[in-house]
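J.: The structure follows.
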DNA sequence: AATGAAAACGGACCACGGTCCGTTTAGCCG
DNA sequence: CGGCTAAACGGACCGTGGTCCGTTTTCATT
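Protein chains in written order, with full-length UniProt numbering: chain A, 1 to 202; chain B, 1 to 202.
Shown next as structure tokens:
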């Protein structure tokens with residue numbers, strides 16, 4: 001019988017070896033610990049490796065790069081928020097009318113981005129593109145809301161238009177350099193949202 | 001007579017020593033040369049220093065960091081565009097009605113950001129905040145146009161809302177990952193602009 | 001011209017991200 | 001259980017960004 005050449009079928013999850021899984025866990029919690037205790041800047045690949053008791057090469061095999069590791073931490077950080085959107089109380093969660101959900105989305109996303117600012121920037125740092133998974137959830141939800149509101153136009157682009165001003169780089173410039181208050185920015189986002197959804201279908 | 005302690009008065013330009021000026025020139029053109037011949041990634045601080053015939057420390061004194069050097073190159077890159085806005089032909093330059101200038105601004109800015117993408121990302125890389133000078137010109141002009149159009153609301157924030165979707169990180173995601181065409185994005189920007197300026201003062 | 005002090009210079013040095021490759025281990029199969 | 005293969009491991013190694021400090025240069029003042 002010829003040797004088998006199982007090319008991994010797309011979507012079929014490739015079993016992770018037990019030691020690999022164990023190390024992934026150890027690395028993630030070591031990294032999280034470092035973030036909590038000393039801040040994002042202190043998260044050195046050597047430090048994480050040492051703290052998790054594995055070699056440096058292992059860290060890079062698992063996460064590709066420092067940005068990749070940060071993205072993994074970011075995924076964990078976002079899990080709560082995503083849960084609140086999917087099944088939390090209104091108006092952020094389901095149950096409220098779409099417009100209220102939209103406004104709650106904006107406010108909440110603004111705060112979430114500010115909370116995770118350091119992590120988000122670190123996850124973007126040398127990466128050619130941002131972690132798509134994290135971004136994708138919010139964008140999809142936003143498109144859904146715009147559709148519910150029967151907004152006319154290119155929904156995908158309008159969703160981007162609403163997410164873009166909440167980008168961390170922009171928020172930090174507004175707050176730290178131009179001295180704007182978070183309240184003002186939040187109010188501005190609501191205004192933008194209203195202008196965008198003013199044009200309806202039908 | 002006691003030694004003089006001239007604290008530099010703000011706004012009074014501190015004379016640059018002749019050797020310093022010479023080296024700045026040499027460094028900038030060496031860096032530009034490297035960008036042109038080998039791309040942004042090839043611009044190593046050592047390479048620039050060697051190519052300009054100065055020590056590495058000098059590069060860092062002048063530009064603080066790699067991001068700072070890139071920002072300086074970006075300033076040069078933007079000079080042409082700024083000139084076109086200030087005194088070029090309409091509709092980008094003065095002379096056309098504000099709405100036409102606004103639409104020309106969006107299209108032109110979109111293309112400019114794509115052209116300078118690599119430089120812009122490199123200039124943002126490890127920096128705590130983006131190069132303010134470059135950003136500031138475009139933002140100021142945009143606020144002026146919105147004001148001319150008698151747009152109601154928080155003009156500064158609305159200007160940001162219009163600049164944000166043109167951010168390189170976002171454009172690259174749309175084009176390279178989501179596969180959108182530049183044409184579609186440009187059309188989407190016009191649509192956004194029209195929605196935003198729909199609410200007028202008076 | 002001499003002089004003195006502030007500013008600029010240069011390159012050795014360090015820390016961190018990322019790679020490479022020889023070694024070890026998990027897990028399947030006979 | 002023994003053996004085999006693919007995967008995972010680890011840490012030496014490299015390149016690059018950034019700092020530091022002893023040396024050199026500029027230039028204002030006399």
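By construction, the Cβ of each residue, glycine as well, lies at the ideal position given by its N, Cα and C atoms.
#1: Residue 160 (chain A) and residue 174 (chain B): beta carbons closer than 8 Å?
#2: Around the Cβ of residue 1 (chain B), are there at least 16 other Cβ atoms within 10 angstroms (buried) or fewer (exposed)?
#3: Closest by CA to residue 103 (chain A), which one among A:190, A:34, A:200?
#4: Please confirm if the region 137-150 of chain A is in contact with the region 101-120 of chain A, defined as three or more CB-CB distances below 8 Å between the two stretches.
#5: Three Cβ pairs or more, each shorter than 8 Å: is that satisfied between the region 162-172 of chain A and the region 152-167 of chain B?
#6: Taking C-beta to C-beta, are residue 114 (chain B) and residue 73 (chain B) nearer than 8 Å?
#7: Short of 7 Å Cβ to Cβ, which residues in the region 77-103 of chain B face chain A?
#8: What number of angstroms, rounded off, separates the C-alpha of residue 25 (chain B) from the C-alpha of residue 177 (chain A)?
#9: Would you check if the distance between the CB atom of residue 67 (chain B) and the CB atom of residue 123 (chain B) is smaller than 8 Å?
#10: Measure from the alpha carbon of residue 137 (chain A) to the alpha carbon of each residue in A:86, A:54, A:201, A:16, then state which is nearest.
#11: Strictly below 7 Å CB to CB, what residues from chain A border residue 153 (chain B)?
#12: For residue 71 (chain A), count neighbouring Cβ atoms within 10 angstroms of its own Cβ and tell me buried if that reaches 16, exposed if not.
#13: Would you mind working out which of B:51, B:132, B:193, B:111 sits nearest residue 183 (chain B), comparing C-alpha positions?
#14: DSSP on residue 24 (chain B), reduced to helix/strand/coil?
#15: At the level of alpha carbons, what is the spacing between residue 140 (chain A) and residue 141 (chain B)?
#16: At the 8 Å Cβ level, is residue 132 (chain A) part of the contact set with chain B, yes or no?
#17: What is the rounded straight-line gap between the Cα of residue 82 (chain A) and the Cα of residue 186 (chain A)?
#18: Is there a Cβ of chain B sitting closer than 8 Å to that of residue 10 (chain A), yes or no?
#19: Spatial neighbours of residue 7 (chain B) within its chain, please: C-beta separation below 8 Å, excluding the five flanking residues on both sides.
#20: Taking 8 Å as the threshold (beta carbon to beta carbon), is residue 167 (chain B) in contact with chain A?
#21: In or out: residue 195 (chain B) buried (at least 16 other Cβ within 10 Å) or exposed?
#22: State the Cα-Cα distance for the pair residue 153 (chain A) and residue 193 (chain B), rounded to the nearest angstrom.
#23: Check the Cβ-Cβ distances between residue 140 (chain B) and every residue of chain A, and say whether any is below 8 Å.
#24: What are the boundary residues of the alpha helix (DSSP H) that includes residue 291 (chain A)?
#25: Within this structure, are the beta carbons of residue 55 (chain A) and residue 47 (chain A) separated by less than 8 Å?
#26: Tell me whether residue 119 (chain A) sits in a helix, a strand or coil according to DSSP, three-state version.
#27: Looking at the structure shown, is residue 199 (chain B) part of a helix, part of a strand, or coil, going by DSSP?
#28: Report the partner residues of residue 151 (chain A) according to the DSSP bridge assignment.
#29: Are the Cβ atoms of residue 99 (chain A) and residue 149 (chain A) separated by less than 8 Å?
#30: Would you kindly work out how many angstroms separate the C-alpha atoms of residue 60 (chain A) and residue 179 (chain A), rounded to a whole number?
#31: Taking the CB atoms as reference points, tell me whether residue 65 (chain A) and residue 126 (chain A) lie closer together than 8 Å.
#32: So which residues of chain A does residue 145 (chain B) contact, with C-beta pairs closer than 8 Å?
#33: Chain B beta carbons: is any one of them nearer than 8 Å to that of residue 116 (chain A)?
#34: Could you please give me the residues that DSSP links to residue 94 (chain B) through a beta bridge?
#35: Output yes if chain A places a C-beta closer than 8 Å to the C-beta of residue 129 (chain B); else output no.
T.: So, from the data block:
#1: yes
#2: Its pLDDT being 36, under 50, residue 1 (chain B) is placed unreliably by the model, and the measurement read from it follows with that caveat. So residue 1 (chain B) counts as exposed.
#3: A:190
#4: yes
#5: Touching, yes, given that three or more Cβ pairs across the two stretches are closer than 8 Å.
#6: no
#7: none
#8: 29 Å
#9: yes
#10: When A:86, A:54, A:201, A:16 are compared, the shortest CA-CA separation from residue 137 (chain A) is found for A:86.
#11: 191
#12: buried
#13: B:111
#14: helix
#15: 33 Å
#16: yes
#17: 20 Å
#18: Only weak support exists for where residue 10 (chain A) lies, its pLDDT of 48 falling under 50; the value from the coordinates is given anyway. No, its Cβ sits nowhere closer than 8 Å to a Cβ of chain B.
#19: The predicted model places residue 7 (chain B) with a pLDDT of 43, which falls under 50 and marks its position as unreliable, so this point remains unresolved.
#20: Yes, residue 167 (chain B) lies at the interface with chain A (some Cβ there is under 8 Å from its Cβ).
#21: Result: buried.
#22: 13 Å
#23: Residue 140 (chain B) has a beta carbon lying at 8 Å or more from every beta carbon in chain A.
#24: No information on residue 291 (chain A) is available, as it lies outside the stretch 1 to 202 that chain A covers here.
#25: Not in contact: residue 55 (chain A) and residue 47 (chain A) (Cβ atoms no closer than 8 Å).
#26: helix
#27: coil
#28: According to DSSP, residue pairing for residue 151 (chain A) in a beta bridge involves A:200.
#29: Yes.
#30: Taking the straight line joining both Cα atoms gives about 39 Å.
#31: In this structure, the beta-carbon distance from residue 65 (chain A) to residue 126 (chain A) falls below 8 Å.
#32: Within 8 Å Cβ-Cβ: nothing; residue 145 (chain B) doesn't reach chain A, min ~16 Å.
#33: no
#34: Residue 94 (chain B) is bridged to B:96.
#35: yes
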